[in-house]
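Note sheet for the following structure.
Chains as they are written, first to last, in the numbering used here: chain A, 141 to 503; chain B, 141 to 503.
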């Protein structure tokens with residue numbers, strides 16, 4: 141089997157590694173930046189590098205276009221042109237409608253959009269890993285004009301890379317991503333903006349911000365080069381999601397202004413339940429429970445806890461540090477899947493002399 | 141010196157421990173729940189427990205009212221009534237205006253509001269620690285009618301507990317908290333609500349949510365009993381902050397709908413700069429830098445990294461795990477203060493065989 145990878149970064153490189161090692165495929169790569177190509181070869185992500193798209197895709201059965209979103213339309217068109225009648229061409233971009241709309245007629249049968257939910261937090265082929273897609277959702281966006289042979293081939297290939305392919309129409313995909321990925325980034329940006337202005341008004345010196353602010357704005361300003369593309373490519377869905385949030389915020393403001401504690405508490409509680417349900421979706425091992433641990437935030441404390449849990453094979457699904465202002469004391473929240481597992485984890489952490497309380501689950 | 145603590149939970153207990161051990165004060169406590177009182181005595185947070193407010197504050201120079209926000213007005217009034225003319229009465233609640241407005245005339249001189257930014261993530265006297273307030277900002281909200289003797293005494297006492305007192309008027313305090321603490325909670329709730337509805341529309345089964353969603357909504361539904369009080373007590377400031385966010389979201393939606401990548405990128409980048417500036421405020425050791433580490437998320441990986449950094453005395457200011465869907469692979473982002481320290485940390489993590497990139501600082 142021959143696979144072509146056009147664009148050798150984190151995703152392209154990881155596709156190359158997985159395809160080479162798991163499928164035993166011959167992987168041929170192209171990247172306009174010859175340094176990336178060289179690195180990909182050195183890391184074993186590519187078996188061979190070529191200096192043109194046409195040369196790289198020649199004889200390939202599956203072509204992965206792993207370039208930035210803005211560069212995809214001409215790249216996909218060129219790849220479709222240069223491949224045989226049974227080959228499938230796909231991409232790994234975060235939005236799907238605009239790309240589909242911008243493709244030439246000729247690409248309709250053999251191009252099928254794709255989007256692996258993996259690897260967003262780092263970039264560069266140096267971070268590529270064979271197991272990047274292991275267990276990850278990989279959305280595929282076939283249309284009624286997609287070839288059956290092509291879809292079948294792509295679906296199997298993606299599964300063989302370790303991912304869990306799922307078909308979704310491009311419209312739903314983009315709306316979904318707007319709600320669970322793009323919107324949180326917009327909100328984080330806006331919150332940070334607002335705080336910067338509000339605080340500048342209060343005093344010359346910015347006061348400390350709390351842990352809730354840190355969490356809520358963690359993704360503010362992340363990877364501008366990638367995000368300007370994503371926002372632009374999904375503009376209407378993102379704007380619509382923003383509109384929904386504006387309306388919901390208006391309702392929340394009204395509720396809070398009304399001051400009825402019972403109703404406010406109800407609303408607040410329901411959000412906690414919703415979040416737990418969302419995070420548990422598709423997660424094995426049962427409900428996600430929070431362990432709140434009061435600690436000294438000296439070097440080594442996190443390690444000590446994580447190590448003790450690791451030794452007993454407890455997996456930490458998620459973690460947040462809440463250092464106090466002096467950065468020496470604070471709290472750690474750990475998320476562990478399943479009640480029994482959470483109890484076991486609490487026991488272990490208590491054994492280290494820390495106070496622990498468990499939140500969530502049936503509570 | 142005699143200190144009274146009314147309400148023996150995390151904050152009250154920690155005040156007791158710090159006052160007893162650091163100031164050598166005699167600490168007398170009252171709590172309507174006798175279990176809390178007993179625990180406080182066992183843990184050494186109290187030297188003595190009393191069964192009424194009047195008995196507990198008798199002869200006390202400083203009285204800390206550490207009860208839930210809703211219970212404060214009558215408690216403060218009673219404490220002011222039962223103490224001598226030089227004593228100061230304070231509280232530790234998250235909002236200040238409503239409490240001040242609800243107090244009797246007689247409390248104006250000797251009650252001075254307070255709010256330590258510490259200990260929000262856990263509760264219960266079992267988590268109390270002598271060093272909870274070490275280095276933490278402790279807002280004090282004196283008014284023009286506050287007694288000078290009382291302010292001086294309170295200010296010194298709070299500093300002696302290890303905190304960094306700062307005077308701020310109640311109005312500014314509540315606006316500030318609305319922006320950096322209450323608003324993020326509202327937003328997290330709204331985002332979660334919206335995602336739950338949007339996703340329920342898409343399919344029966346909820347799809348995976350990404351790391352950005354997880355971070356942005358981490359505080360959704362936290363501690364409902366506490367938060368219904370906070371929202372209600374700071375209703376107008378929170379509603380106003382929500383209104384500001386609505387307007388800013390409208391601007392963001394317009395910008396994104398316009399689709400000008402350069403402008404969108406500029407806006408996104410500015411948010412990243414703002415966030416860094418906010419987080420660095422008051423932090424020693426220099427600019428906060430992000431280390432992005434690609435890892436296997438097996439039990440022990442976090443520990444291994446944290447331990448290696450701890451061994452070399454690198455302190456992790458903040459940390460976020462971004463597990464992939466299979467929960468076995470993922471990325472860790474670590475925040476480290478200061479460029480030299482970040483480089484050193486990156487070197488250590490690379491030595492463990494992980495790919496690391498540094499983001500932030502001058503970038």
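Ideal placement from N, C-alpha and C gives every residue a C-beta, glycine not left out. Note that the structure is predicted; figures quoted are calculated from it, not measured.
Item, Value
"Beta carbon proximity, residue 155(B) to chain A, threshold 8 Å", "no"
"Cross-chain neighbours of residue 213(A) in chain B, by beta carbon under 8 Å", "Within 8 Å Cβ-Cβ: nothing; residue 213(A) doesn't reach chain B, min ~15 Å."
"Extent of the continuous beta strand (DSSP E) run through residue 146(A)", "142-146"
"Among 370(A), 389(A) and 396(A), the one whose alpha carbon lies nearest that of residue 368(B)", "396(A)"
"Interface flag, residue 291(A) vs chain B, CB-CB below 8 Å", "no"
"Interface residues of chain A facing residue 401(B) [CB-CB closer than 9 Å]", "210, 368, 369, 371 and 372"
"Any chain A beta carbon closer than 8 Å to residue 251(B)", "no"
"Residue interval of the beta strand (DSSP E) (run including residue 253(B))", "253-256"
"Three or more C-beta pairs below 8 Å linking the segment 353-373 of chain B and the segment 399-419 of chain A", "yes"
"Of the listed residues 228(A), 234(A), 272(A) and 143(A), nearest to residue 372(A) (C-alpha basis)", "234(A)"
"Residue 211(B) versus 172(B), 292(B) and 165(B), residue with shortest Cα-Cα distance", "172(B)"
"Straight-line gap, residue 482(A) to residue 488(A) (C-alpha atoms, nearest Å)", "10 Å"
"Below-8 Å beta-carbon distance, residue 498(B) vs any chain A residue", "no"
"Three-state secondary structure assigned by DSSP to residue 300(B)", "helix"
"Min CB distance residue 305(B) to chain A below 8 Å", "no"
"Any alpha helix (DSSP H) of 4 or more consecutive residues that is wholly inside the segment 329-412 of chain B", "351-356, 364-373 and 375-398"
"Residues near residue 377(B) by beta carbon distance below 7 Å, same chain, minus five either side", "314, 315 and 318"
"Cβ pair count under 8 Å reaching 3, the segment 186-205 of chain A against the segment 283-300 of chain A", "yes"
"Residue 154(A), buried or exposed, once every other Cβ within 10 Å from all chains shown has been counted against 16", "buried"
"Any C-beta of chain B under 8 Å from that of residue 204(A)", "no"
"Per-residue contacts from residue 355(A) into chain B (C-beta, under 7 Å)", "355, 358 and 359"
"The alpha helix (DSSP H) enclosing residue 481(B), as first and last residue numbers", "479-491"
"Residue 424(A) versus residue 453(A): straight-line alpha-carbon distance, rounded", "Its pLDDT being 45, under 50, residue 424(A) is placed unreliably by the model, and nothing is read from it."
"Assigned secondary structure, residue 231(B) (DSSP; H/G/I helix, E/B strand, else coil)", "strand"
"Secondary structure of residue 428(B), DSSP reduced to three states", "strand"
"Minimum length 4: unbroken alpha helix (DSSP H) runs contained in the segment 178-211 of chain B", "193-197"
"Coil, strand or helix - residue 472(A) by DSSP", "strand"
"Residue 362(A) at chain B interface by Cβ criterion, 8 Å", "yes"
"Chain A within 8 Å of residue 493(B), Cβ atoms only", "no"
"For residue 280(A), the first and last residue of its enclosing beta strand (DSSP E)", "277-281"
"Within 8 Å, strictly: CB atoms of residue 392(B) and residue 151(A)", "no"
"Contact residues within the segment 323-336 of chain B, judged by C-beta distance below 8 Å to chain A", "323, 324, 325, 326, 327, 328, 329, 330, 331, 332, 333, 334, 335 and 336"
"Member of 240(B), 366(B) and 430(B) whose CA lies at the smallest distance from the CA of residue 248(B)", "240(B)"
"Residue 154(B) (DSSP reduced to helix, strand or coil)", "helix"
"Outcome for residue 197(A) when other beta-carbon atoms lying within 10 angstroms are tallied against a minimum of 16", "buried"
"Selection from 144(B), 149(B) and 251(B) that minimises the alpha carbon distance to residue 159(B)", "144(B)"
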